[in-house]
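Working notes for the structure below.
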Amino acid sequence: MINRLSRLTCVAAISTVTLAGGCSGVAGPSGVVVPQKSSVEQAFAALPAMASQSDALIAQLAGDDEKARSEARQLLPREGIEVVPKLVPLVGHEKAAVWSAAFNVLADFANQVSIPGREADRVRVAACIMTLVAPDRPEEVKIRGLRLLPLVVPEGFDVGPMAALLYDASLQEKARAAFEEMGTPEASTALRDYLPKAKPDFQMAILNSFARLQRMANVQAALAMTKSENAAVRAAALRAIAWTGDPSLLNVARAVVAVADASTHAEAMDGMLRLVGAIADRGGNWQLAVNTYLDILKTGQGMDRDGAIAGLGQIGDGTCVRPILDAIQDAEPHTWRAGIGALTSMQGVDVTRAIVESYPRVPRNTQLALVSVLGDKRHAPAAPILTQAAQSEDPAFRMAGLKALAAAGLPEGIDLLTTAVRAGSDEEKAVARQGLLAVADSLRAAGRKNEAGTAYLASFDNAAATDHDTRQRAIEGIAACPIADAAEAVKAAATDKDLRPSAMSALLSVGSALTAAGKKDAALELYQTLTQMSPPLEIMREVAKGMAAAGAKVDLQGLLGTITNWWVVGPFELGEENKGWNMRYVDEPNVNLSGRYMSGKRRVQWKAVVSEDPNGKIDLRKTVADGEQCIAYAYTEITVEKPTDAVLLVGVDDSEKIWVNDEQVFELWQARAMVVDNDRVPVKLKAGTNRILMKIWQNTMGWEFCMRITRPDGSPVSFAQKTE
Amino acid sequence: MLIHLLAIGAAMAVAQATEPPLRFERLRIGDVTFEAAAAFDVNNDGRLDIVSGGCWFEGPEFSRKHKIADVMRVEDYYDDFSCYPMDVNGDGYQDIITGGWWGGTLRWRENPRGRPIEWVSHDIDKCGNIETTRFWDVDGDGQAEVVPNAGGNIVVYRLIRGPDGKGTGRFEKHVIKEGGCGHGFGFGDVNGDGRGDFIIPNGWIEAPNQPYRQAWTLHEEFNLGTTSCPVLVYDVNKDGRADLIEGQAHGYGLNWWEQKTGADGKRTWIKHPIDPDRSQYHDLVLADIDNDGQVELITGKRYRAHLGRDPGAMDPVGTYYFEIDGGRFRRVTLDYGPASKASGVGIYLWVADVDGNGWKDIVAPGKEGLYLFRNLGR
Chain C
30 MINRLSRLTC VAAISTVTLA GGCSGVAGPS GVVVPQKSSV EQAFAALPAM
80 ASQSDALIAQ LAGDDEKARS EARQLLPREG IEVVPKLVPL VGHEKAAVWS
130 AAFNVLADFA NQVSIPGREA DRVRVAACIM TLVAPDRPEE VKIRGLRLLP
180 LVVPEGFDVG PMAALLYDAS LQEKARAAFE EMGTPEASTA LRDYLPKAKP
230 DFQMAILNSF ARLQRMANVQ AALAMTKSEN AAVRAAALRA IAWTGDPSLL
280 NVARAVVAVA DASTHAEAMD GMLRLVGAIA DRGGNWQLAV NTYLDILKTG
330 QGMDRDGAIA GLGQIGDGTC VRPILDAIQD AEPHTWRAGI GALTSMQGVD
380 VTRAIVESYP RVPRNTQLAL VSVLGDKRHA PAAPILTQAA QSEDPAFRMA
430 GLKALAAAGL PEGIDLLTTA VRAGSDEEKA VARQGLLAVA DSLRAAGRKN
480 EAGTAYLASF DNAAATDHDT RQRAIEGIAA CPIADAAEAV KAAATDKDLR
530 PSAMSALLSV GSALTAAGKK DAALELYQTL TQMSPPLEIM REVAKGMAAA
580 GAKVDLQGLL GTITNWWVVG PFELGEENKG WNMRYVDEPN VNLSGRYMSG
630 KRRVQWKAVV SEDPNGKIDL RKTVADGEQC IAYAYTEITV EKPTDAVLLV
680 GVDDSEKIWV NDEQVFELWQ ARAMVVDNDR VPVKLKAGTN RILMKIWQNT
730 MGWEFCMRIT RPDGSPVSFA QKTE
Chain A
51 MLIHLLAIGA AMAVAQATEP PLRFERLRIG DVTFEAAAAF DVNNDGRLDI
101 VSGGCWFEGP EFSRKHKIAD VMRVEDYYDD FSCYPMDVNG DGYQDIITGG
151 WWGGTLRWRE NPRGRPIEWV SHDIDKCGNI ETTRFWDVDG DGQAEVVPNA
201 GGNIVVYRLI RGPDGKGTGR FEKHVIKEGG CGHGFGFGDV NGDGRGDFII
251 PNGWIEAPNQ PYRQAWTLHE EFNLGTTSCP VLVYDVNKDG RADLIEGQAH
301 GYGLNWWEQK TGADGKRTWI KHPIDPDRSQ YHDLVLADID NDGQVELITG
351 KRYRAHLGRD PGAMDPVGTY YFEIDGGRFR RVTLDYGPAS KASGVGIYLW
401 VADVDGNGWK DIVAPGKEGL YLFRNLGR
């Protein structure tokens with residue numbers, strides 16, 4: 030590698046020798062670091078031999094092998110900043126590939142050192158790079174330096190060499206941009222120092238930088254420029270101080286605007302409006318800001334008023350409505366649009382009231398626009414205007430009113446939207462149809478369920494039979510916001526297979542609403558409809574509750590296949606090693622309901638129990654014995670018309686054995702609490718009477734069970750129970 | 051006699067000032083969101099400090115924050131609806147009287163003599179859910195008593211002072227009225243007999259000669275609804291009769307109630323709307339903010355007073371003062387906008403010349419932040 034060193038790379042290596050400390054700086058009078066000019070030319074003259082890896086990489090970077098250069102470009106940033114002085118000269122290389130690679134590596138170093146903890150390195154690197162803008166550098170090198178310096182120059186670093194470029198007509202703009210990007214106090218100082226000396230165009234550029242930098246230190250200098258002889262400079266100066274939001278600058282702003290000529294009026298007014306906006310943002314002077322906007326609205330022309338209107342749209346309240354409406358009357362279209370936009374964005378019910386109050390006195394085209402504005406406000410005071418518009422003879426108003434009612438989400442809109450769905454033009458119908466749902470959704474979100482239910486019902490009743498989406502949304506809405514009046518609608522929905530799931534929920538909830546309204550017969554009718562739809566178990570359970578609430582005697586068996594009638598006997602000993610589990614205390618699987626058995630020293634016999642529980646639960650602690658570590662038996666008979674594949678759905682605390690028609694079909698030995706439908710036991714029922722016997726283990730605490738019989742698809746089996 | 055009439059044509063107008071409005075500088079103090087504040091000299095260095103909830107900020111910069119105590123937080127409330135300065139233990143340092151809804155306890159926090167350590171809290175009484183506490187000279191002895199709006203009662207806690215006039219750390223309790231006192235109350239001389247009376251939502255309670263020994267008399271002459279704390283007693287129209295200024299703490303409206311005498315000699319009250327379109331006016335203060343020798347009404351919105359459930363909860367927040375001119379109220383707005391950009395006034399704002407420039411400033415706490423509106427004059 031070393032043998033292939035070209036003269037240039039040797040020179041780079043020489044740089045290492047002659048600038049052993051890298052680019053360094055000495056402290057200037059103010060204590061800030063002043064970079065020393067590097068003796069690059071001297072370095073090029075010597076030919077030392079250096080074999081470090083970084084030197085080799087630099088040689089690769091400067092060489093003719095593109096691949097090697099690319100590799101060096103990637104690897105050099107991993108070397109220490111000691112390589113920076115060696116890279117700096119390459120920024121002036123004649124070959125673009127070389128200088129751009131060196132540039133990019135230096136940019137990487139600049140970024141590397143610009144993090145907390147690397148302050149000393151940052152100063153060193155900045156000092157090196159600052160040499161690129163030394164007076165004797167070619168212009169293109171200075172430009173490259175100006176691109177690098179903002180990445181690395183820290184606060185407190187002297188930027189004198191850069192400041193000198195402000196005096197160079199071909200470079201001053203780039204220097205300004207670099208200072209703005211740098212943003213340090215020293216950068217601002219350099220710009221401030223040059224400001225009075227600059228030509229007007231460049232003064233404006235500097236002032237625009239001040240506007241972006243937003244440093245208090247620049248404000249006085251900018252303020253001085255508001256008295257410039259040049260109107261454009263005065264306007265730029267106003268923009269440069271507007272960000273402060275200082276109310277004491279309002280008079281300065283007014284003066285600048287007052288003496289602006291035709292070509293600079295817009296810029297001056299822009300500065301004024303920015304200042305007022307900043308006053309409002311800063312807080313505490315809302316009234317002052319609003320009053321200023323209102324003044325501009327009253328006295329300004331054209332775009333001035335648009336700006337003031339836009340400002341009022343941001344911060345205004347109800348007191349600003351009338352002035353805006355006055356200003357846009359007979360105004361240019363762009364001002365009119367600005368006014369409507371402002372009124373749309375202003376918040377608060379006082380704005381709505383003020384618009385409502387002004388409405389009768391504004392021209393018709395403005396009224397039409399205000400209908401939409403009021404719809405978006407969603408405030409009740411707007412309702413009379415919206416309903417009036419929706420009933421207008423004028424189709425444009427009618428349509429605007431319908432759309433606004435839909436947007437407003439007010440219950441006052443329901444009747445008119447319903448009428449429009451029935452009797453409006455095709456376009457009105459379409460708007461009203463969506464509008465009813467929108468109003469319903471809005472009322473629902475606001476917790477106004479009764480009104481929402483009314484709107485959903487209207488939506489459903491007026492939706493075309495083929496409009497599945499609307500009907501679906503409406504029925505779902507009725508399910509969530511049930512009203513008694515929706516009974517017929519939900520019954521109709523139940524006949525539509527596409528609406529089945531939603532209709533079931535709606536039937537349930539409207540049933541509840543009917544019961545609450547005292548219309549129990551109507552409620553039971555809905556529940557009956559629901560049961561005929563073979564709903565899922567969870568809905569069936571709710572039906573059972575609903576029917577009970579409506580005062581009906583609930584046929585759990587019919588609804589859920591629940592077995593409610595049992596005979597139970599016990600308790601019998603579990604015994605040591607749980608031997609009782611396999612003892613045939615009642616001669617199972619045979620059952621003799623007249624039988625008597627010994628339970629300890631007592632005789633026990635079968636007794637009939639009937640469950641009133643919604644799940645058909647039998648509590649054996651209450652019906653048999655309040656004991657632990659024992660056994661009981663439960664027996665029932667059911668009669669079916671024909672042979673039936675069925676499933677026993679059983680919940681037991683703790684565990685059970687089950688026989689059906691003398692055949693054992695299930696056994697589990699596990700301590701557990703009762704979970705309804707937990708054990709699923711497929712069985713085949715024969716036509717006629719089927720005998721079901723359970724042997725139930727009690728561990729501790731709860732001792733209970735429940736059973737349902739369904740078809741494999743979950744629908745209840747129709748059966749008769751033995752009751753005596 | 052209960053008569054109140056809604057005055058027709060009562061108008062509220064924004065101040066289109068003949069003079070330019072006052073200028074204010076708004077500063078956010080810390081990042082706290084307690085709803086009560088006060089300004090007083092905590093550490094006796096001669097400079098006012100700002101106190102809010104569980105901390106105080108050292109004047110004049112208010113950038114140094116010191117902890118007072120942990121304050122119970124419930125959702126975005128704090129159990130701290132006042133922080134009134136009172137030298138309870140007579141040691142020459144202002145302590146704080148506080149209490150809130152959830153703790154249901156009136157307490158005082160002992161100033162550690164300005165040292166930057168936590169303050170010790172002492173219970174005064176378990177008086178029920180405290181909406182806020184106000185401080186009025188109920189007995190006319192020149193000292194403020196402590197009166198919480200709590201438990202539906204009017205109960206006065208009077209600091210027991212020694213012969214030297216200094217606080218002893220103990221309070222005596224006087225029950226003025228038990229039950230039937232709803233949300234909101236006020237204090238002032240309604241009937242012009244020189245004694246302060248209490249205002250409650252459904253009437254005013256007339257002070258007897260001996261406020262702690264004789265019964266107070268309720269006159270159910272109006273219905274203020276869910277009214278502000280406080281209801282101000284002030285002769286708005288300068289007719290020699292005390293009127294009331296109240297806000298709806300959890301609804302829309304700011305109103306004044308004009309006291310009149312009917313033909314039959316009975317007292318009547320006429321309601322005049324001041325600002326019907328803004329809501330959650332929970333706290334009101336009368337102070338001369340513009341140094342014109344007349345008091346102005348200083349108030350604003352209590353942001354999220356009921357966590358967004360009140361009417362107008364989504365409307366902008368604001369801080370205002372109203373110039374009062376013979377029954378007309380002209381609103382001057384300091385701040386108005388969304389809570390992310392503007393300030394309301396919480397449940398207990400404070401008006402004082404914090405920076406000593408001769409103009410009264412406004413300390414505006416709230417769930418949207420604690421703000422100081424420095425009054426720079428005109």
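For the protein sequence lines, the chains are C and A, in the order given.
For the first sequence, position 357 (counting from the first letter as 1) is numbered 386 according to my numbering, and the numbering increases by one without interruption.
For the second sequence, position 1 (counting from the first letter as 1) is numbered 51 according to my numbering, and the numbering increases by one without interruption.
Idealized CB from N, CA, C, for every residue including glycine.
Exercise. Measure the C-alpha to C-alpha separation of R393(C) and S421(C) and round it to an integer number of angstroms.
Key: R393(C) and S421(C): Cα-Cα distance of roughly 13 Å.
Quiz item: Hey, how far is the Cα of G4(C) from the Cα of P366(A)?
Solution: A query on residue 4(C) cannot be resolved here, the shown segment of chain C reaching from 30 to 753 and no further.
Practice problem: Within the same chain, show all residues whose beta-carbon is closer than 6 Å to that of G408(A), passing over the 5 residues directly before and after it, in chain order. | Solution: Taken in chain order, the list of residues that qualify is empty.
Quiz item: Exposed or buried, Q322(C), counting other C-beta atoms within 10 Å across all chains shown (16 or more means buried)?
Solution: Note on identity: in this sequence residue 322(C) is Tyr, with Gln being the wrong assignment. Residue burial annotation: Y322(C) is buried, with at least 16 other C-beta atoms found within 10 angstroms of its C-beta.
Quiz prompt | Spatial neighbours of G253(A) in its chain, beta-carbon cut-off 8 Å, leaving aside the 5 residues before and after | solution = Taken in chain order, the residues that qualify are L268, H269, E270, E271 and F272.
Practice problem: Starting from R328(A), find everything on chain C with Cβ-Cβ shorter than 7 Å and list it in chain order. | Solution: Residues of chain C passing the Cβ test: D379.
Quiz prompt | With 16 other Cβ atoms within 10 Å as the buried cut-off, status of W698(C) | solution = W698(C) is exposed by the Cβ-count criterion.
Self-check item: Where K608(C) sits in the DSSP three-state scheme
Solution: Reduced to three states, the DSSP call for K608(C) is helix.
Quiz item: Where E571(C) and L537(C) are concerned, what is the direct C-alpha to C-alpha distance, given to the nearest angstrom?
Solution: Distance between the alpha carbons of E571(C) and L537(C): 7 Å.
Quiz item: Helix, strand or coil for C177(A) per DSSP?
Solution: DSSP places C177(A) in the coil class of the three-state scheme, outside both helix and strand.
Quiz item: Taking Cβ positions, are Y143(A) and F185(A) nearer each other than 8 Å?
Solution: With respect to F185(A), Y143(A) sits apart: the two C-beta atoms are not nearer than 8 Å.
Quiz item: Under the DSSP definition of a beta bridge, which residues are partnered with T718(C)?
Solution: Looking at the DSSP assignment, T718(C) forms a beta bridge with T668(C).
Quiz item: In angstroms, rounded to a whole number, what distance separates the CA positions of L585(C) and N644(C)?
Solution: Answer to the nearest angstrom: the Cα atoms are 8 Å apart.
Quiz item: In this structure, does DSSP put G154(A) in helix, strand or coil?
Solution: Here G154(A) sits in coil by DSSP.
Quiz item: What residues from chain A crowd round P276(C), counting only those whose CB sits closer than 7 Å?
Solution: In chain order, R73 make up the part of chain A whose C-beta sits under 7 Å from the C-beta of P276(C).
Quiz item: What is the DSSP secondary structure of N247(C), reduced to helix, strand or coil?
Solution: Looking at N247(C) - three-state DSSP - the assignment turns out to be helix.
Quiz item: How close, in whole Å, do the beta carbons of L681(C) and M703(C) come, if the pair is a contact with beta carbons under 8 Å?
Solution: Note that residue 681(C) is Val in the sequence shown, not Leu. Contact holds; Cβ gap of about 6 Å.
Exercise. May I ask you to verify whether the region 616-630 of chain C touches the region 561-570 of chain C, counting CB pairs closer than 8 Å and requiring at least 3?
Key: Segments in contact, no.
Quiz item: Going by alpha carbons, who is nearest to G404(C) out of T752(C), K432(C), A383(C) and R390(C)?
Solution: Nearest C-alpha to G404(C): K432(C).
Quiz item: If we count the other Cβ atoms within 10 Å of its Cβ and call it buried at 16 or more, is V181(C) buried or exposed?
Solution: Classification for V181(C): buried.
Quiz item: Does the region 337-345 of chain A touch the region 405-420 of chain A, meaning 3 or more C-beta pairs lie closer than 8 Å?
Solution: Enough Cβ pairs lie closer than 8 Å, so yes.
Quiz item: For a contact meaning CB atoms closer than 7 Å, what does G387(A) contact in chain C?
Solution: Residues of chain C passing the Cβ test: I344.
Quiz item: So, using beta-carbon positions, are V154(C) and R102(C) closer together than 8 Å?
Solution: Between V154(C) and R102(C), the CB-CB gap reaches or exceeds 8 Å.
Quiz item: Could you give the uninterrupted runs of the alpha helix (DSSP H) lying entirely in the region 595-664 of chain C, keeping only those of 4 residues or more?
Solution: Listed in chain order, they are 649-652.
Quiz item: Hey, is L384(A)'s beta-carbon within less than 8 Å of any beta-carbon in chain C?
Solution: For L384(A), the answer is yes, since a Cβ of chain C falls inside 8 Å of its Cβ.
Practice problem: Report all residues from its chain with a CB closer than 6 Å to the CB of I146(A); omit the five preceding and five following residues, and keep chain order. | Solution: Excluding residues within five positions, the ones whose Cβ falls inside 6 Å are C133 and R159.
Exercise. Answer yes or no: does any C-beta atom of chain A fall closer than 8 Å to that of N314(C)?
Key: It does; some Cβ of chain A falls within 8 Å.
Quiz item: With a CB to CB cut of under 6 Å and the five nearest residues on each side skipped, what residues in its chain are close to T213(C)?
Solution: If we look at T213(C) and ignore the five residues flanking it on each side, its Cβ neighbours are E184.
Practice problem: Check whether the Cβ of G370(C) lies closer than 8 Å to any Cβ atom in chain A. | Solution: So no, G370(C) is outside the interface.
Quiz item: Are the beta-carbon atoms of L446(C) and L465(C) separated by less than 8 Å?
Solution: Contact flag set, yes.
Self-check item: DSSP beta-bridge partners of A414(A)
Solution: BP columns for A414(A) point to Y421(A).
Practice problem: Quick one: using the 10 Å Cβ neighbour count with 16 as the cut-off for buried, is R4(C) buried or exposed? | Solution: Past the boundaries of the shown model lies residue 4(C); chain C is included only from 30 to 753, so the question cannot be answered.
Quiz prompt | Residue from A289(C), P179(C), I443(C) and V378(C) with nearest C-alpha to S143(C) | solution = For S143(C), the nearest C-alpha among the options comes from P179(C).
Practice problem: Put R102(C) into one of helix, strand or coil per three-state DSSP. | Solution: When secondary structure is reduced to three states using DSSP, R102(C) falls in the helix class.
Exercise. Name, please, each residue of chain A whose Cβ falls closer than 8 Å to the Cβ of R382(C).
Key: Simply D327.
Quiz item: Just by C-beta distance, which residues in the region 300-311 of chain C are closer than 9 Å to chain A?
Solution: Within the region 300-311 of chain C, the qualifying residues are A309, D310 and R311.
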